[in-house]
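Chains as they are written, first to last, in our numbering: chain Z, -5 to 107; chain W, 3 to 113. Think of the CB as a built atom: it goes at the ideal place given N, C-alpha and C, for glycine as much as any other residue. Below you'll find the structure, written out as structure tokens, and then a few comments.
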Amino acid sequence: DTAVSQTPKYLVTQMGNDKSIKCEQNLGHDTMYWYKQDSKKFLKIMFSYNNKELIINETVPNRFSPKSPDKAHLNLHINSLELGDSAVYFCASSQDFRALRQFFGPGTRLTVL
Amino acid sequence: TQLLEQSPQFLSIQEGENLTVYCNSSSVFSSLQWYRQEPGEGPVLLVTVVTGGEVKKLKRLTFQFGDARKDSSLHITAAQPGDTGLYLCAAGGGSNYQLIWGAGTKLIIKP
């Protein structure tokens, strides 16, 4: 069974479009994260939710809007996509917000043309 | 700003050789983790070290946390092609308990 799953795996879209990425974890964890990994492989935290409550909201354009319908799901909606949004987006979860170990999904490679 | 610097950024060696990669900072951290990321996948935790001077072994991989808890090293003995990947270090102690990530060392082991 996949612990942290993301859909889609690949997403190719035109500039200006709106798209969503979905994430689900079946580990029973309280905390979920969205990271962006750029072409230089640097992992940058974007958001974190603990029990459906936003606890980390880094400097990210407000075109990015996370949503957590329940603690097992954390989705990411991106409006008006730009070329610079092209990256791999990773969802992760941890037992709680103090836990050190994070479990990552397989990533969603977003390409904006 | 707390930063983690990893070196080298890229390393390509032959199977059977030994190597060491480093993760350094000017800040003191409560813990440090090493993750490995393979192409097309997310990072996977290898080890967590929490005590200054701590050494942990995972088969051919040896991890050390510096005495002052500012740096760490990962040593691989007799590297194998399966060790190929991106090695990321991450430190605990950021605001809101978030991890602080290094930029990674891309390791290629040639058969």
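{"Asked": "Pair within 8 Å by beta-carbon distance, Z:K35 and W:G44", "Found": "no"}
{"Asked": "Range of the contiguous beta strand (DSSP E) that encloses W:L101", "Found": "Segment: none, W:L101 is in no beta strand (DSSP E) and carries neither H nor E."}
{"Asked": "Assigned exposure category for Z:P60 - 16 Cβ within 10 Å defines buried", "Found": "buried"}
{"Asked": "DSSP beta-bridge partners of W:A93", "Found": "W:L34, W:I102"}
{"Asked": "Top-ranked residue by Cα proximity to W:I15, from W:A80, W:Q35, W:C25", "Found": "W:A80"}
{"Asked": "Chain-ordered chain Z contacts of W:N98 [CB-CB under 8 Å]", "Found": "S42, I49, I50, F91"}
{"Asked": "Residue-level contact to chain Z via CB, W:G87, 8 Å cutoff", "Found": "no"}
{"Asked": "Against chain Z: residues of the segment 35 to 69 of chain W by CB proximity under 9 Å", "Found": "Q35, Y37, Q39, G42, E43, G44, P45, V46, L47, T50, V52"}
{"Asked": "Cut-off 7 Å between Cβ atoms - residues of its own chain near Z:E76, not counting five sequence neighbours on either side", "Found": "M9, V106"}
{"Asked": "DSSP three-state assignment for Z:L77, whether helix, strand or coil", "Found": "helix"}
{"Asked": "Reference Z:V(-2); option with closest CA among Z:W28, Z:K46, Z:L94", "Found": "Z:W28"}
{"Asked": "CA nearest to the CA of Z:D79, picked from Z:K13, Z:Q0, Z:K3, Z:T(-4)", "Found": "Z:K13"}
{"Asked": "For W:G42, three-class secondary structure by DSSP", "Found": "coil"}
{"Asked": "Spatial distance of W:A93 from W:S33 (CA atoms)", "Found": "6 Å"}
{"Asked": "Beta-bridge partners of W:T107, as assigned by DSSP", "Found": "W:Y89"}
{"Asked": "Alpha-carbon spacing of Z:K3 relative to W:S9, whole angstroms", "Found": "30 Å"}
{"Asked": "Per-residue DSSP class, three states only, for W:P83", "Found": "helix"}
{"Asked": "Beta-carbon separation (whole angstroms), W:R71 vs W:G54, contact threshold 8 Å", "Found": "5 Å"}
{"Asked": "Among W:D69, W:V46, W:E40, W:P83, the one whose alpha carbon lies nearest that of Z:L94", "Found": "W:V46"}
{"Asked": "Contact check, Z:L104 vs Z:L5, beta carbons under 8 Å", "Found": "yes"}
{"Asked": "At least 3 beta-carbon pairs within less than 8 Å: the segment 17 to 26 of chain Z vs the segment 83 to 98 of chain Z", "Found": "yes"}
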